[in-house]
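A.B. asks:
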Amino acid sequence: MQVPRYWREIPKRYRLEASECINCHNVIFPEKLSCPQCSSKAFKTIRLSGKGKLVTHTIIRIAPEGFNDQVPYAMGIIKMEEGPQIMAQITDCDPDKLKTGDPMIYQFRRIRDDGNTGVIMYAYKFVPDVGI
Amino acid sequence: MRKVAIVGVGLIKWGELWEKSLRQIAAEAIFECLEDAGTDRIDAMTIGNMSGGLFNGQEHLSSLIPDFMGLKNIPAMRIESACASGGMAVRTAYLEVASGLSDFAVAVGVEKMTDISGQEATYALATAADQDHEAFHGVTFPGLYAMMAKAHMDRYGTTREDLSSVVIKNHKNGSLNPNAQFPFEITGDQVLRSPMVADPLRLLDCSPISDGAAAVMLTTLEEAEKLKKQPVLISGIGHATDSLALSSRNDILKMEAVEQSASKALEMAGKSIEDIDFAEVHDCFSIAEIMILEALGVVPPGEGGKASSEGLTALNGKFPVNPSGGLKSKGHPVGATGVAQICEAVAQLKGEAGKRQLKNVKAGLTQNMGGSAGSSVVHILEVI
């Protein structure tokens, strides 16, 4: 994972920056260059609230390289309040108790390290929203 | 556009072919195809290959493969669309012949996946997903399809037994296919005892890592007549794309690329799905075959699991699916899969499928998919 490639994604990964179509108000995450709903190319950047609901999930038991030390871990698709769906890890919970429709909230977390001397990668993960 | 027919197929036995190289298996499949076609004329060569770069550290297959065959001056090109690379190579060869640019175009699909470790191969396969927005977070391909399976079970009541029925049926078919990587039957109990990979998908819900190659020769109907070969007509082709990331779909249970590629192909052939006698589809995971049945319009949304359990897709069912054994039993050397599906359809239509031969089949459909259905290509084949 090269540093510039990681760095380019920081606005989305750290701040959940999404694109809102100025014409039809469709919210897209991650960004696209034209709106899949109305084809407009005019967007403004907004920050997602970080709140949403679990659409589906799985528990990864055989991990890709770099994630071996984390298994088993839950991953899911969360439908955000503003509309877009995000795929992320779901943490701080018993994965066996997760249910479709559960409220979820964004957390800023460490994803993994790139070896002993590489970048420490951070991004969003989600946790069950217990309303604290 | 000119009508295009298949006049030859070449397929080697798939598996962990440690004694053979990428170039070797590709060349073997092409030479077998040329022999079957009864000509050695190649006006164009298309090569379906997902990732020679990551699996073998070898790009530039367009020179590598003809060179190893001992040929020069061949207009060869490598076609990539992840696991749909093979189907796309056939489509490109079709365009060569249909357009009049070439009279004889050979399409080969090849992948040599066992030269690297299982984990490295998993990484290479995951490059068919969105690297920045899916793989970065630690998801795998089984993980993506597991999320579809979970959603399908939640919404439609699809069961563990429904998923297993696909696996059991495909292994049963594959046990009759001498070219299959795993030509043996397995039981529902064996599926349930296999390790969990990504809930609810177990190891035996997943297609394997394989080495393999397959080739088909395409030409015009006039040339086919001169060769005195029974031609199989490619009467329809459809190709479509969808979002790369699964999470970007409004409905993760709707494989729009499959729906659209199928309806385009059927429209081109002047047919509806009811006119099709059997299909070879992209069962990279058990849930994939269930969702593809729905996307093709064989059954309404949500009924794919039940239909599989009830035997609709068995060799003796009303709509046989994957008589070859599918990716699950036959193997899944990704770039070769889409071409091998067409080889199976040709064998079935010509009555050359041995113990797994279907009765009275006139029209078949093949469906080859990239990633989590980010791309799909469908061919309709007919005997004339």
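Chains as they are written, first to last, in our numbering: chain A, 44 to 175; chain B, 66 to 449. From the three backbone atoms N, C-alpha and C, an ideal C-beta is built for every residue, glycine too. Every value quoted in this text rests on a predicted model; they were computed, and no experiment measured them.
Taking the alpha carbon of A102 (chain B) as the reference point, which residue from B:I302, B:Q295, B:R314, B:G335 has its own alpha carbon closest?
C.D. replies: Nearest option by C-alpha distance: B:Q295.
A.B. asks: Please identify, using Cβ separations under 9 angstroms, the residues of the segment 79-108 of chain A that lie next to chain B, in order along the chain.
C.D. replies: Correct list: P79, V98, T99, H100, T101, I102, I103, R104, I105, A106, P107, E108.
A.B. asks: Under 8 angstroms, with one C-beta from each stretch per pair, do the segment 424-436 of chain B and the segment 145-163 of chain B reach the 3-pair mark?
C.D. replies: With the cut-off at 8 angstroms, the segment 424-436 of chain B and the segment 145-163 of chain B touch.
A.B. asks: Run down chain A in chain order and give the residues with a C-beta less than 9 angstroms from the C-beta of A191 (chain B).
C.D. replies: Those within 9 angstroms of A191 (chain B) in chain A are P107.
A.B. asks: Could you tell me which of B:H202, B:T104, B:K137, B:E81 sits nearest to K293 (chain B), measuring between CA atoms?
C.D. replies: Checked all of B:H202, B:T104, B:K137, B:E81; the closest Cα to K293 (chain B) is B:T104.
A.B. asks: Do G253 (chain B) and I233 (chain B) have their CB atoms nearer than 8 angstroms?
C.D. replies: Yes, they are a contact pair.
A.B. asks: For V155 (chain B) versus V281 (chain B), is the C-beta spacing smaller than 8 angstroms?
C.D. replies: Contact flag set, yes.
A.B. asks: Under the three-state reduction of DSSP, which class applies to E60 (chain A): helix, strand or coil?
C.D. replies: Correct three-state label for E60 (chain A): strand.
A.B. asks: Once DSSP output is grouped into helix, strand and coil, what is the label at P115 (chain A)?
C.D. replies: Coil.
A.B. asks: Give me the residue from B:R314, B:D340, B:V262, B:P243 with the minimum Cα distance to G80 (chain B).
C.D. replies: Nearest option by C-alpha distance: B:P243.
A.B. asks: Spell out whether any CB of chain A is found under 8 angstroms from the CB atom of Q184 (chain B).
C.D. replies: At least one chain A Cβ lies under 8 angstroms of Q184 (chain B).
A.B. asks: Which residues does DSSP list as the beta-bridge partners of E176 (chain B)?
C.D. replies: B:G277.
A.B. asks: Would the segment 339-354 of chain B and the segment 376-390 of chain B be scored as touching if the rule is three or more Cβ pairs under 8 angstroms?
C.D. replies: Yes, the segment 339-354 of chain B touches the segment 376-390 of chain B.
A.B. asks: Excluding the 5 residues preceding and the 5 following I449 (chain B) in the sequence, name in chain order all residues of the same chain whose CB lies nearer than 7 angstroms to its CB.
C.D. replies: Within the same chain, I449 (chain B) has close Cβ partners P296, L298.
A.B. asks: Using 8 angstroms as the Cβ pair cut-off and three pairs as the minimum, do the segment 165-172 of chain A and the segment 70-86 of chain B touch?
C.D. replies: No, the segment 165-172 of chain A is not in contact with the segment 70-86 of chain B.
A.B. asks: Which chain B residues are close to I154 (chain A), counting only those with a beta carbon under 8 angstroms from its beta carbon?
C.D. replies: Chain B residues near I154 (chain A): F201, H202, G203.
A.B. asks: Starting from the C-beta of A379 (chain B), find all residues in its chain whose C-beta is less than 6 angstroms away, skip the five residues before and the five after it, and write them out in chain order.
C.D. replies: Contacts found: K234.
A.B. asks: Could you have a look at H125 (chain B) and say whether DSSP puts it in helix, strand or coil?
C.D. replies: Coil, per DSSP.
A.B. asks: Kindly identify the DSSP beta-bridge partner or partners of H100 (chain A).
C.D. replies: According to DSSP, H100 (chain A) bridges with A:G119.
A.B. asks: What does the alpha-carbon distance come out to for the pair D340 (chain B) and A405 (chain B)?
C.D. replies: Going by the C-alpha atoms only, they are around 22 angstroms apart.
A.B. asks: Hey, A310 (chain B) and V443 (chain B): beta-carbon distance below 8 angstroms or not?
C.D. replies: Cβ distance not < 8 angstroms, so A310 (chain B) and V443 (chain B) don't count as in contact.
A.B. asks: Could you give the C-beta distance for G144 (chain A) and K96 (chain A), rounded to a whole number, given that I count them as a contact under 8 angstroms?
C.D. replies: G144 (chain A) to K96 (chain A), Cβ: 6 angstroms. Contact.
A.B. asks: Please work out which residues of its chain come closer than 6 angstroms, Cβ to Cβ, to E321 (chain B), disregarding the five sequence neighbours upstream and downstream, and give them in chain order.
C.D. replies: Excluding positions up to five away in sequence, the list reads D307.
A.B. asks: Measure the C-alpha to C-alpha separation of K75 (chain A) and T284 (chain B) and round it to an integer number of angstroms.
C.D. replies: Going by the C-alpha atoms only, they are around 41 angstroms apart.
A.B. asks: Assuming L119 (chain B) and T192 (chain B) are in contact, meaning their beta carbons sit under 8 angstroms apart, how far apart are those beta carbons, in whole angstroms?
C.D. replies: Correct: roughly 7 angstroms between the Cβ atoms.
A.B. asks: Helix or strand or just coil, what does DSSP make of F169 (chain B)?
C.D. replies: If DSSP states are grouped into helix, strand and coil, F169 (chain B) belongs with the strands.
A.B. asks: For L318 (chain B), tell me which candidate among B:E354, B:A289, B:S300, B:E287 has the shortest Cα-Cα distance.
C.D. replies: Comparing Cα positions, the closest option is B:E354.
A.B. asks: What are the residues of the segment 126-156 of chain A that lie near chain B, defined by any Cβ-Cβ distance shorter than 7 angstroms?
C.D. replies: Under the 7 angstroms Cβ criterion, the segment 126-156 of chain A contributes Q128, I129, M130, A131, Q132, T143, I154.
A.B. asks: What does Q113 (chain A) touch in chain B if you count any residue whose Cβ is under 8 angstroms from its own?
C.D. replies: Here the neighbours are G203.
A.B. asks: Any Cβ of chain B within less than 8 angstroms of the Cβ of F110 (chain A)?
C.D. replies: For F110 (chain A), the answer is yes, since a Cβ of chain B falls inside 8 angstroms of its Cβ.
A.B. asks: Can you name, in chain order, every residue of its own chain whose Cβ lies under 8 angstroms from the Cβ of A92 (chain B), other than the five neighbours on each side?
C.D. replies: Within the same chain, A92 (chain B) has close Cβ partners I130, F133, M134.
A.B. asks: Measuring only the C-alpha atoms, how far is M118 (chain A) from I357 (chain B)?
C.D. replies: Cα to Cα, M118 (chain A) sits roughly 24 angstroms from I357 (chain B).
A.B. asks: For Q413 (chain B) and L423 (chain B), what's the separation of their Cα atoms in angstroms?
C.D. replies: For Q413 (chain B) and L423 (chain B), the distance between alpha carbons rounds to 6 angstroms.
A.B. asks: Considering only residues of the same chain and omitting the five flanking positions on each side of K420 (chain B), which have a CB-CB separation below 6 angstroms?
C.D. replies: If we look at K420 (chain B) and ignore the five residues flanking it on each side, its Cβ neighbours are L241.
A.B. asks: With DSSP as the reference, identify every bridge partner of Q432 (chain B), one or two as the case may be.
C.D. replies: Paired residues: B:V443.
A.B. asks: Show which residues of chain A have a CB atom less than 9 angstroms away from the CB atom of I317 (chain B).
C.D. replies: Those are V98, T99, I120, Q128, listed as they occur along chain A.
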